[in-house]
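As structure tokens, the structure follows; a few thoughts come after it.
Numbering (the numbering used here), first residue to last: 1 to 556.
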């Protein structure tokens, strides 16, 4: 949207600047998009700087294509005025908060991109020109149009959801040349790729230039944390073997609440053993308004995860102080917040070797996945009647304490749902043998399950992930992203075919029509976007759920 790292910065560098958040278990929070979407639910930045977060990522800067000034969107926190003759906001109060937060030891980054807005570069020269603009308006450069006044940010996070990779490697290289001119502080470049590897937008960029950390979004996709296709090991191998920076931290990105993403939210009770097993060094949550409003665990999700992460290396006690409840009232209409699903991020260092312990999931009667579990075989013993499990390209059902194994339809393989609670058949590579219907709490270095086949055209790439499935119902997410420099319009139409036993009955923010096997979905958005999430639900008349075929998918 992650690995553990201890002391990966050179001694000389540590001696010359203040200690880096990369050197210790840290908490990263996104702020700026009011993802809770309530009245005054997003407090000023300063309120979150008294929290347990070590790094705060401001989101988003968008609407960029070269050296011209971009667009800054902070939802209702700052929506006027613009600098004369531009679309760039002037937010001096946020600038004061940035400096106050930095004085408290917080690292403040700016996130570029997001799902909304038309951004991207035609060539490397445009990327370099934008790097100069970023340095002048947010860094230690000079400009008459600095949104945060004389506040100097600590770096940039790339959340590139669409538009392709052109120009970003050149932009980062140019930014690092600017960073080298200011020895007064340490600057950072981070990214937020989606978990399917390689990321369709940032994969080539991440192979070409150095990132300090990547916040991999393990949600809204088949490779979510609790599925059998959780691919932490793939990202670990990339960090160790391919990344230009072999000390890069890979962070496990998760939504800060159920409402913050289409799928992939992990309740704290489930997340805690996963974090301990992976031995996360860093955590970053969804938008701060969601994290603090999420009271699924007391006093809120942010405080609970902070205690978990900071406690991994015997860090300081976590404060339970909540942000101040004082709010400000405005009479002017707010600017629409940018729809987004920013990550929480949990990291363990790609370079640290740790002993992992398999943790039994006590909230389920299903056994924890373990590399020692053999594939179910037809007629073999099983303890949990009614349980489903994957067996390579087949699936097994436990009936009268004996496995009944059947093959998935031709061209498909067996996946677990992203909540880890059931299974389905979908297009992809052959899966691994261990049962898919379990929480993925085993070592992150264990080879993961099947890789889903993506829909790809010259303009769009899309993944289908099934978040839950029962004997009669299912819920799934279609995650579509633009590969070109245009955007999806305010009306998005997706069409695909489903199996004979499947009927799509509803879609969030849209309508659905189905004639036989052919499904047509129309979704409405207030603004044009680089990426769309389409959550669908439906019924299963009999048998196992079979995911829609990506080979029949079209977008318009």
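Here a beta-carbon is modelled for each residue, glycine too, at the ideal position from N, C-alpha and C.
Neighbour-count burial assignment, residue i, 16 or more Cβ in a 10 Å radius
i           : result
residue 263 : buried
residue 213 : buried
residue 292 : Confidence is the limiting factor: at residue 292 the pLDDT is only 48, short of 50, which leaves the residue's position unreliable, though a coordinate-based value still follows. Residue 292 should be labelled buried.
residue 536 : buried
residue 548 : buried
residue 144 : exposed
residue 10  : Because the pLDDT at residue 10 is just 22, under 50, the model does not fix this residue reliably, and the point stays unresolved.
residue 218 : buried
residue 44  : buried
residue 506 : exposed
residue 42  : buried
residue 80  : exposed
residue 519 : buried
residue 400 : exposed
residue 132 : buried
residue 200 : buried
residue 501 : exposed
residue 47  : buried
residue 111 : buried
residue 524 : exposed
residue 389 : buried
residue 128 : buried
residue 241 : exposed
residue 122 : exposed
residue 481 : buried
Integer Cβ distance of residue i from residue j, believed to fall under 8 angstroms
i           : j           : result
residue 107 : residue 154 : 5 angstroms
residue 407 : residue 393 : 6 angstroms
residue 226 : residue 420 : 4 angstroms
residue 69  : residue 117 : At roughly 14 angstroms, the Cβ-Cβ gap does not stay under 8 angstroms, so residue 69 and residue 117 are not in contact.
residue 475 : residue 463 : With 8 angstroms as the limit, residue 475 and residue 463 do not qualify as a contact, their Cβ atoms being about 15 angstroms apart.
residue 404 : residue 396 : 6 angstroms
residue 265 : residue 465 : The pair is not a contact, with the Cβ atoms about 13 angstroms apart (cut-off 8 angstroms).
residue 169 : residue 208 : 4 angstroms
For residue i, the residue or residues it bridges with in DSSP
i           : result
residue 99  : The partner list for residue 99 (beta bridge, DSSP) is empty, contrary to what the question assumes.
residue 116 : 529
residue 476 : 466, 536
residue 176 : According to DSSP, residue 176 bridges with nothing at all.
residue 520 : 495, 513
residue 58  : 31, 110
residue 301 : Residue 301 is not bridged to any residue.
residue 461 : 456, 481
residue 397 : 388, 404
residue 42  : Answer is none; residue 42 lacks a bridge partner.
residue 555 : 494
residue 82  : 89
residue 72  : 61
residue 194 : 217
Option nearest residue i by Cα separation, candidates the options
i           : options            : result
residue 152 : 490, 141, 230      : 141
residue 33  : 23, 260, 68        : 260
residue 185 : 21, 50, 405        : 21
residue 101 : 300, 556, 203, 29  : 29
residue 92  : 48, 146, 164       : 146
residue 275 : 257, 247, 246, 307 : 307
residue 422 : 496, 383, 544, 493 : 544
residue 105 : 94, 53, 148        : 53
residue 88  : 395, 49, 137       : 137
residue 424 : 128, 99, 240, 228  : 228
residue 124 : 555, 65, 526, 58   : 65
residue 196 : 551, 512, 238      : 238
residue 550 : 496, 206, 378      : 496
residue 378 : 387, 386, 450, 398 : 398
residue 528 : 515, 487, 555      : 487
residue 478 : 233, 193, 210, 555 : 555
Span of the alpha helix (DSSP H) around residue i
i           : result
residue 203 : 203-208
residue 424 : Looking at the DSSP string, residue 424 is not in any alpha helix (DSSP H); the run it does join, the beta strand (DSSP E), is 423-426.
residue 254 : Careful: residue 254 lies outside any alpha helix (DSSP H), inside the beta strand (DSSP E) at 249-254.
residue 235 : 232-241
residue 378 : Residue 378 -> no alpha helix (DSSP H), and no H or E assigned at all.
residue 48  : 45-48
Boundaries (first-last residue) of the beta strand (DSSP E) holding residue i
i           : result
residue 568 : What is shown of the chain runs 1 to 556, which leaves residue 568 out entirely.
residue 545 : Note, residue 545: premise wrong, no beta strand (DSSP E); not H, not E.
residue 188 : 188-191
residue 158 : 155-160
residue 259 : No beta strand (DSSP E) holds residue 259; DSSP gives it neither H nor E.
residue 135 : Element bounds for residue 135: not the beta strand (DSSP E) but the alpha helix (DSSP H), 124-137.
residue 413 : 413-416
residue 505 : 502-507
residue 215 : 213-217
Residue i at chain C interface by Cβ criterion, 8 angstroms
i           : result
residue 384 : Here there is only one protein chain, and chain C is not present.
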